[in-house]
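As structure tokens, the structure follows; a few thoughts come after it.
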Amino acid sequence: MSLVSVQQFFREKAPDISVIVTEASSATVALAAEAHGVEPDQIAKTICLRIGEDVVLVVTAGTKRLDNRKFKDRFGVKPRMLDAEAVVEATSHPVGGVCPFGLPSPLKVYGDLSLKAFDEVVPAGGATNAAVKIAPERMIALVDGEWADLCQ
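When the sequence shown is numbered by the numbering used here, its final residue is 239 and no position is left out of the sequence of numbers.
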């Protein structure tokens with residue numbers, strides 16, 4: 088169902104973008120980079136976090152890591168990652184296919200500045216073998232996201 092919701096999202100909001108479904112898994116940054124012929128940092132990985140009672144998504148360049156100090160300075164708390172079950176509950180997407188598109192209900196999305204180094208990034212598409220190719224600025228605009236400096 089998750090892949091279907093992402094495909095529906097793009098049909099409605101950006102019909103010029105197709106969800107790419109591959110035979111190969113793209114469940115990790117390395118696998119996704121190989122499957123789509125891009126550098127690992129062009130993979131836009133989506134991290135599902137809890138800030139107090141709110142669940143948020145942080146989309147960052149593939150090999151970047153959250154910087155706890157930057158995160159705490161921005162939000163006033165340390166980042167808390169959700170477990171796999173809570174990720175599916177919040178996003179409808181399985182771990183390895185999490186993206187900011189086609190969510191069952193709106194979540195706040197933050198795009199890390201690391202993504203701005205690229206003309207095109209490859210976020211997942213709601214399944215462990217699905218993705219899209221998109222300009223980072225357009226990705227953040229489509230999900231009403233906001234840019235933030237959150238990674239090392």
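Positions of the beta carbon are idealized from the N, C-alpha and C atoms, including for glycine.
Item	Value
Taking contact to mean at least 3 C-beta pairs separated by less than 8 Å, is the region 217 to 224 in contact with the region 96 to 111?	yes
Quick test of your reading: L153 and V196, contact by CB under 8 Å. State the CB separation rounded to the nearest angstrom.	That belief does not hold up - the Cβ atoms of L153 and V196 are roughly 15 Å apart, past 8 Å.
Can you check whether the CB of S89 is closer than 8 Å to the CB of G213?	yes
F162 to I138, Cα distance in whole Å?	8 Å
What span of residues does the beta strand (DSSP E) with D141 cover, start to end?	141 to 148
For the alpha helix (DSSP H) containing R137, list its first residue and its last residue.	Not the alpha helix (DSSP H): R137 falls in the beta strand (DSSP E), residues 130 to 138.
Residue range of the beta strand (DSSP E) that A235 falls in?	233 to 235
Look at G149 and P166 and say whether their C-beta atoms are less than 8 Å apart.	no
By the three-class DSSP mapping on this structure, what secondary structure does I107 have?	strand
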